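**Q**
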Amino acid sequence: MSLLEIKNLVVEFQTASGPFRAVDGVSLKVDEGEVLAIVGESGSGKSVSMLAAMGLLPWTAKVTADTLTFNGRDMQAMSDSDRRKIIGKDIAMIFQEPVASLNPCFTVGFQIEEVLRVHTDLGRRARRDRAIELFQSVGIPNPQERLGHFPHQMSGGQCQRVMIATALACNPKLLIADEPTTALDVTIQKQILDLLMKLQAEHGMGLIIITHDMGVVAETADRVIVQYKGRQIEEADVLSLFSAPKSVYTRALLSALPENATGGRLPTITEKLTDAEIFAGAVR
Amino acid sequence: MLRFIFGRLAVLIPTFIGVSIIAFSFIRLLPGDPVMLMSGERVMSPERHAELMHQLGLDRPIYVQYLDYLAGLVTGDFGSSIVTKRPVLEDFLNLFPATLELSLCAILVAVCLGIPAGVLAAVKRGTWLDQSIMGAALVGYSMPIFWWGLLLIIFFSGYLGWTPVSGRISLLYFFPSVTGFMLIDSLISGQAGAFKSALTYLILPTVVLATIPLAVIARQTRSAMLEVLGEDYVRTARAKGLSPLRVVGIHALRNAMIPVITTIGLQVGVLLAGAILTETIFSWPGIGKWMVDSVFKRDYAVVQGGLMLIAAVIMIVNLVVDLLYGLVNPRIRR
Numbered sequence: 001m002s003l004l005e006i007k008n009l010v011v012e013f014q015t016a017s018g019p020f021r022a023v024d025g026v027s028l029k030v031d032e033g034e035v036l037a038i039v040g041e042s043g044s045g046k047s048v049s050m051l052a053a054m055g056l057l058p059w060t061a062k063v064t065a066d067t068l069t070f071n072g073r074d075m076q077a078m079s080d081s082d083r084r085k086i087i088g089k090d091i092a093m094i095f096q097e098p099v100a101s102l103n104p105c106f107t108v109g110f111q112i113e114e115v116l117r118v119h120t121d122l123g124r125r126a127r128r129d130r131a132i133e134l135f136q137s138v139g140i141p142n143p144q145e146r147l148g149h150f151p152h153q154m155s156g157g158q159c160q161r162v163m164i165a166t167a168l169a170c171n172p173k174l175l176i177a178d179e180p181t182t183a184l185d186v187t188i189q190k191q192i193l194d195l196l197m198k199l200q201a202e203h204g205m206g207l208i209i210i211t212h213d214m215g216v217v218a219e220t221a222d223r224v225i226v227q228y229k230g231r232q233i234e235e236a237d238v239l240s241l242f243s244a245p246k247s248v249y250t251r252a253l254l255s256a257l258p259e260n261a262t263g264g265r266l267p268t269i270t271e272k273l274t275d276a277e278i279f280a281g282a283v284r
Numbered sequence: 001m002l003r004f005i006f007g008r009l010a011v012l013i014p015t016f017i018g019v020s021i022i023a024f025s026f027i028r029l030l031p032g033d034p035v036m037l038m039s040g041e042r043v044m045s046p047e048r049h050a051e052l053m054h055q056l057g058l059d060r061p062i063y064v065q066y067l068d069y070l071a072g073l074v075t076g077d078f079g080s081s082i083v084t085k086r087p088v089l090e091d092f093l094n095l096f097p098a099t100l101e102l103s104l105c106a107i108l109v110a111v112c113l114g115i116p117a118g119v120l121a122a123v124k125r126g127t128w129l130d131q132s133i134m135g136a137a138l139v140g141y142s143m144p145i146f147w148w149g150l151l152l153i154i155f156f157s158g159y160l161g162w163t164p165v166s167g168r169i170s171l172l173y174f175f176p177s178v179t180g181f182m183l184i185d186s187l188i189s190g191q192a193g194a195f196k197s198a199l200t201y202l203i204l205p206t207v208v209l210a211t212i213p214l215a216v217i218a219r220q221t222r223s224a225m226l227e228v229l230g231e232d233y234v235r236t237a238r239a240k241g242l243s244p245l246r247v248v249g250i251h252a253l254r255n256a257m258i259p260v261i262t263t264i265g266l267q268v269g270v271l272l273a274g275a276i277l278t279e280t281i282f283s284w285p286g287i288g289k290w291m292v293d294s295v296f297k298r299d300y301a302v303v304q305g306g307l308m309l310i311a312a313v314i315m316i317v318n319l320v321v322d323l324l325y326g327l328v329n330p331r332i333r334r
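Dropping the structure here:
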């Protein structure tokens, strides 16, 4: 049984100019201990499909799927309060902008202990000890002192570590990382990725990394899903994706990487391919 | 923190001087003078008029009068009423509790109803509930306060007979003033029914005075909440599996309160201005009515002294708001 299984996920937003389909027929599976990367350009529906799976989209979104199960439980049939018992505990998510993702009005200690208060029956003392332990595990120095700090007193990298610690607080079975390194400096990006991979291996949890950075994919993923304009273009294990991409879009995407550049000007995807060609070449 | 407070207090001095110039000169720009108005319908000879003006010191050059007044202010002397001869400060302190009681009740009503209404409208954005709340707020904000007061009196006092028309408490009750707050004094007096009576007298003026601040606070809360609800940290809070009540009531509201507190502070000035009209409509014996009466009598000392004291109250409230602001928003704490 897969940890997370999604079949034919469709997300539509109600807009002033009629319904807009942001995700169109995405299917995926993640097992325990597996790292799945979802890769695509901006607007390819990577984040939206994961937010939909967690039930975090605003009311303007209409989510339908043939199957949407976590650990064998049907997420669509679940009541909101039952879903909230899973979210934050068994499925956790970290986001792109670590500083903006933390509440500026509360100390980071409050924000990490809050998860423990809602999902566990640990006492005040035990929650604090656990928070210190979590801060240590994600490499935040002086955890006791740091718990009393506000997000604006910390750097972006430190805030992302706080977010990761918060996500791991209840030992989740699945962690979804939505562009976890995009907003960070290059040196910090490497540290955060290494940290994520280390924690994933230690906890044996499933990990979904949403990214537009092929470098991140190559370094982390077991399996890759390529999305374009809300549709799934290709799914493959990481080695075959880089060595023998099947779809024209993936090939174009890889040839647009700066490190693969041959001429003076970097090729772009849209000047080579039309949407129809991309969708026709999709390999599922 | 202390440095911050002293810094703010230092700014108050030039502001206070500015207010004194405005208060001193504006009342003198009105045609007529206190002596002429005191004589009423009787004809006064120019000699007698000049003599009385001289007695009051009003025949001296205006800058001399101003400097004389300023010298008094420095020693805490706000002058005496030209009409009643009583010290302005004493009258102010006697009357201010009535205004304060009314204003506090009004701001309490405005905050306790306005913030939940704004939060509800933001959470239910675009629904009939949101539109009704915002529609009601717009009506409340646009309504002339004196007209609204009269409507309420006609309906609740005249037609239904539920509430009294004017005053602070029924004439059946009498007790010494301890705090100056009728609600508290009536409780202390222990007289049966006194508290209820004071409360019924307070309801309509409170509703009238609370209307505009209530509408402003509701609208400000809604727009602040809408902005905050779209923030990344609200999504994080929901991703933690927190209940909607916790997400909205703790994570979002705490951030949305930052602009709302500023608005509440600004409303205190509006409230004191509104108190002048409200007190006049309901014959509420507070500083608003006292000031209006003094303007009609050209009681220079009372008008300028009253204005200075009201300005002082508003400045203190603004200082308190700034301090509260730091409490709610850790980013500006020093």
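First to last, the sequence lines map onto chains A and B.
When you line the first sequence up against the UniProt record's numbering, it's residues 1 to 284, in that order.
When you line the second sequence up against the UniProt record's numbering, it's residues 1 to 334, in that order.
The beta carbon of each residue, even a glycine, is placed where N, CA and C say it ideally should be.
Given the structure is predicted, the values throughout are model-derived calculations rather than measurements.
1. Assuming residue 236(B) and residue 102(A) are in contact, meaning their beta carbons sit under 8 Å apart, how far apart are those beta carbons, in whole angstroms?
2. Any residues in the region 102-125 of chain A with a beta carbon nearer than 9 Å to a beta carbon of chain B? Which ones, in chain order?
3. How about residue 68(A) and residue 112(A): are their beta carbons less than 8 Å apart?
4. Looking at residue 35(B) and residue 52(B), is the spacing between their C-beta atoms short of 8 Å?
5. Classify residue 63(B): buried if its beta carbon has 16 or more other beta carbons within 10 angstroms, exposed otherwise.
6. In chain B, which residues lie with their C-beta within 8 Å of the C-beta of residue 56(A)?
7. Are any of the Cβ atoms in chain B nearer than 8 Å to that of residue 20(A)?
8. Name the two residues that bound the continuous alpha helix (DSSP H) containing residue 318(B).
9. Could you pull out every residue in the same chain whose Cβ sits closer than 7 Å to the Cβ of residue 96(B), ignoring the five residues on either side in sequence?
10. Would you kindly report the start and end of the unbroken beta strand (DSSP E) that includes residue 39(A)?
11. Starting from residue 274(B) and walking both ways along the alpha helix (DSSP H), at which residues does that stretch end?
12. With a cut-off of 8 Å, does the C-beta of residue 179(A) fall near any C-beta of chain B?
13. Within the continuous beta strand (DSSP E) that includes residue 70(A), where are the two ends?
14. In the DSSP assignment, find the unbroken beta strand (DSSP E) run with residue 8(A) in it and report its ends.
15. Do you know how far the Cα of residue 69(B) is from the Cα of residue 17(B)?
16. Suppose you measure from the CA of residue 185(B) to the CA of residue 88(B); what does that come to, to the nearest Å?
17. Does the CB of residue 254(B) have a neighbour CB from chain A at under 8 Å?
18. Using only the alpha-carbon positions, how far apart do residue 4(A) and residue 65(A) sit?
19. Are the CB atoms of residue 310(B) and residue 292(B) nearer to each other than 8 Å?
20. By the DSSP assignment, the alpha helix (DSSP H) with residue 191(A) in it spans what residues?
21. Does the CB of residue 242(B) have a neighbour CB from chain A at under 8 Å?
22. For the beta strand (DSSP E) containing residue 193(B), name the first residue and the last one.
23. Under 8 Å between C-beta atoms, does residue 97(A) make it to chain B?
24. Let me check understanding here. Comparing Cα to Cα, which of 40(A), 18(A), 19(A) lies closest to residue 233(A)?
25. Mind listing which residues of the region 300-331 of chain B have their C-beta closer than 8 Å to chain A's C-betas, in chain order?
26. Does the distance from the CB of residue 268(B) to the CB of residue 212(B) come in under 8 Å?
27. For residue 100(A), decide whether its Cβ has a neighbour in chain B, counting only Cβ atoms nearer than 8 Å.
28. Mapping DSSP to helix, strand and coil, what is residue 95(A)?
29. Just how far apart, CA to CA, sit residue 258(A) and residue 36(A)?
30. Do the region 224-243 of chain B and the region 112-130 of chain A meet, that is, are 3 or more Cβ pairs less than 8 Å apart?
31. Can you name the start and end residues of the beta strand (DSSP E) that residue 236(A) belongs to?
32. Step through the CB atoms of chain A and report whether any lies within less than 8 Å of the CB of residue 232(B).
33. Measuring CB to CB, does residue 281(B) end up less than 8 Å from residue 149(B)?
34. Would you check if the distance between the CB atom of residue 90(A) and the CB atom of residue 195(A) is smaller than 8 Å?
35. For the candidate residues 108(A), 81(A), 185(A), 172(A), whose alpha-carbon lies nearest to that of residue 131(A)?
36. Where does residue 55(A) sit, in a helix, a strand or coil, going by DSSP?
**A** The relevant details are as follows:
1. Taking the second sequence and counting its residues from 1, one reaches residue 236(B) at position 236. Taking the first sequence and counting its residues from 1, one reaches residue 102(A) at position 102. Right, the Cβ-Cβ distance comes to about 7 Å (below 8 Å), so this counts as a contact.
2. 102, 103, 104, 105, 106, 107, 111, 114, 115, 118, 119
3. As a position in the first sequence, residue 68(A) is number 68, starting the count at 1. As a position in the first sequence, residue 112(A) is number 112, starting the count at 1. No, they are not a contact pair.
4. Locating residue 52(B) in the second sequence gives position 52, counting from the first residue. Locating residue 35(B) in the second sequence gives position 35, counting from the first residue. Against a cut-off of 8 Å, the Cβ pair of residue 35(B) and residue 52(B) comes out as a contact.
5. Here residue 63(B) refers to the residue found at position 63 of the second sequence. Flag for residue 63(B) reads exposed.
6. The count along the first sequence starts at 1 and reaches residue 56(A) at position 56. In chain order: 235, 238, 239.
7. Here the question's residue 20(A) lines up with position 20 in the first sequence. So, not an interface residue.
8. Position 318 of the second sequence holds residue 318(B). 300-328 is the extent of the alpha helix (DSSP H) around residue 318(B).
9. Taking the first residue of the second sequence as position 1, residue 96(B) is located at position 96. Excluding residues within five positions, the ones whose Cβ falls inside 7 Å are 287.
10. Here the question's residue 39(A) lines up with position 39 in the first sequence. DSSP places residue 39(A) inside the beta strand (DSSP E), whose first and last residues are 35-40.
11. To locate residue 274(B), count along the second sequence from 1; it is residue 274. Start and end: 253-282.
12. As a working mapping, residue 179(A) is identified with position 179 in the first sequence. Interface annotation, residue 179(A): not in contact with chain B, CB-CB separation never under 8 Å.
13. Taking the first residue of the first sequence as 1, we reach residue 70(A) at position 70. If you look at residue 70(A), you'll find it in the beta strand (DSSP E) that goes 67-70.
14. For the purposes of this step, residue 8(A) is taken as residue 8 along the first sequence, with counting starting at 1. Its beta strand (DSSP E) spans residues 4-15.
15. On the second sequence, residue 17(B) is found 17 positions in, with the first residue counted as 1. On the second sequence, residue 69(B) is found 69 positions in, with the first residue counted as 1. Cα-Cα distance, rounded: 11 Å.
16. Start at 1 with the first residue of the second sequence, and residue 185(B) comes out as number 185. Start at 1 with the first residue of the second sequence, and residue 88(B) comes out as number 88. Between residue 185(B) and residue 88(B), the C-alpha separation is close to 24 Å.
17. Along the second sequence, read from residue 1 onward, the residue named residue 254(B) stands at position 254. By this cut-off, residue 254(B) is an interface position.
18. As a first step, residue 4(A) is located in the first sequence; it is residue number 4 there, counting from the start. As a first step, residue 65(A) is located in the first sequence; it is residue number 65 there, counting from the start. Going from the Cα of residue 4(A) to the Cα of residue 65(A) covers about 13 Å.
19. The residue given as residue 310(B) occupies position 310 in the second sequence. The residue given as residue 292(B) occupies position 292 in the second sequence. Their beta carbons are not under 8 Å apart, which means residue 310(B) does not touch residue 292(B) by this criterion.
20. Counting from 1 along the first sequence, the entry for residue 191(A) is found at position 191. Element bounds for residue 191(A): 186-203.
21. Position 242 of the second sequence, counted from the first residue, corresponds to residue 242(B). Answer yes: the Cβ-Cβ gap between residue 242(B) and chain A drops below 8 Å somewhere.
22. Within the second sequence, the letter at position 193 stands for residue 193(B). Counting along the chain, residue 193(B) falls outside any beta strand (DSSP E), and DSSP gives it neither H nor E.
23. Here residue 97(A) is taken as the residue at index 97 of the first sequence, counted from 1. By this cut-off, residue 97(A) is an interface position.
24. Indexing the first sequence from 1 puts residue 233(A) at position 233. The residue with the shortest Cα to Cα distance from residue 233(A) is 40(A).
25. 328, 329, 330, 331
26. Walking along the second sequence from the start, residue 268(B) turns up at place 268. Walking along the second sequence from the start, residue 212(B) turns up at place 212. Not in contact: residue 268(B) and residue 212(B) (Cβ atoms no closer than 8 Å).
27. The sequence position of residue 100(A) within the first sequence is 100, counting from 1. Yes, contact with chain B.
28. Along the first sequence, one-based indexing puts residue 95(A) at 95. Of the three classes helix, strand and coil, the one that applies to residue 95(A) here is coil, per DSSP.
29. If you number the first sequence from 1, residue 258(A) lands on position 258. If you number the first sequence from 1, residue 36(A) lands on position 36. Distance from the CA of residue 258(A) to the CA of residue 36(A), rounded to the nearest whole angstrom, comes to 24 Å.
30. yes
31. Start at 1 with the first residue of the first sequence, and residue 236(A) comes out as number 236. Note, residue 236(A): beta strand (DSSP E), 231-237.
32. For the purposes of this step, residue 232(B) is taken as the residue at position 232 of the second sequence. With 8 Å as the cut-off, residue 232(B) counts as an interface residue toward chain A.
33. Your numbering for residue 281(B) matches position 281 in the second sequence. Your numbering for residue 149(B) matches position 149 in the second sequence. In this structure, residue 149(B) lies closer than 8 Å to residue 281(B) by Cβ.
34. Position 90 of the first sequence, counting from 1, holds the residue named residue 90(A). Position 195 of the first sequence, counting from 1, holds the residue named residue 195(A). It is not a contact, given that the beta carbons lie outside the stated cut-off.
35. Looking up residue 131(A) in the first sequence gives position 131. Minimum Cα distance to residue 131(A) is reached at 108(A).
36. What you label residue 55(A) is simply residue 55 of the first sequence in a count that begins at 1. In the three-state reduction of the DSSP assignment, residue 55(A) falls in the coil class, being assigned neither a helical nor a strand state.
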